[in-house]
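Peer 1: Take any residue in the sequence shown, note its place counting from 1, add 20, and you have its number in the working numbering. Think of the CB as a built atom: it goes at the ideal place given N, C-alpha and C, for glycine as much as any other residue. My questions all concern the structure below.
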Amino acid sequence: MGISPIGWLHTLGSLPAIPLAIYMLVKHGRIAPETGAGRAYFWFMLLGVLTVYPIAHQPVSSIVATITLVFLLIGYGIALLRPTKRLWTYIQTISLSVTVFFLMVPTVSESLRRLPVGDPLVTDLKDPLLLGVQGALFLALIVGVPLQVRALYKQRFHRDQVAH
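As structure tokens, then:
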């Protein structure tokens, strides 16, 4: 079965979010909504999330899309409001890291289940390769988020020390 036009829009529309996320995680240690890359990430993620609904074959796809959309809107809503409390920066960072996780899990799953064309690496959702990659992504999330929070704390602590 081929990919429908909306499927292509979904795939090609959300693909740029991956290098944008990697770039921001390396450069800023988090998704940085205030940057050009951060603004582009939002629009590509929004396009990807919204186009899941018409192409979803499994109910879980719509659930993941909805969760991703909620976290995306929380993260970028905080960026728009620019509250001064530190807690909001932590919530924003965690929310947007969750969006990266929910971007990568289906991307990896679909890639492994479709490529190479005609002889995909994975044919079963319980394949050890697929489960291992998904586990690695989850591990990256549960290790990465506390590291991001710690880095934010250190930045703020250092900034407060310099100011006094």
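Indicate the three-state DSSP secondary structure (helix, strand or coil) for L67 in the structure shown.
Peer 2: Helix.
Peer 1: Is the beta carbon of T109 closer than 8 Å to that of L70?
Peer 2: Not in contact: L70 and T109 (Cβ atoms no closer than 8 Å).
Peer 1: Where do the N-terminal and C-terminal ends of the alpha helix (DSSP H) with I51 fall, by residue?
Peer 2: Counting along the chain, I51 falls outside any alpha helix (DSSP H), and DSSP gives it neither H nor E.
Peer 1: Using C-beta distances below 8 Å, list every residue in its chain close to I94, excluding the 5 sequence neighbours before and after it, in chain order.
Peer 2: Excluding residues within five positions, the ones whose Cβ falls inside 8 Å are I111, Q112, S115.
Peer 1: Could you pull out every residue in the same chain whose Cβ sits closer than 6 Å to the Cβ of L100, ignoring the five residues on either side in sequence?
Peer 2: Excluding positions up to five away in sequence, the list is empty.
Peer 1: If I'm right that P53 touches F62 with Cβ under 8 Å, what's the distance once you round it to whole angstroms?
Peer 2: Yes, P53 and F62 are in contact; Cβ-Cβ is about 7 Å, under 8 Å.
Peer 1: Exposed or buried, which one is Q175 when buried takes at least 16 other CB atoms within 10 Å?
Peer 2: Classification for Q175: exposed.
Peer 1: Assuming the contact rule is C-beta atoms closer than 8 Å, A60 and I51 should be a hit. Round their C-beta distance to whole Å, please.
Peer 2: Actually they do not touch by this definition, with Cβ atoms about 11 Å apart.
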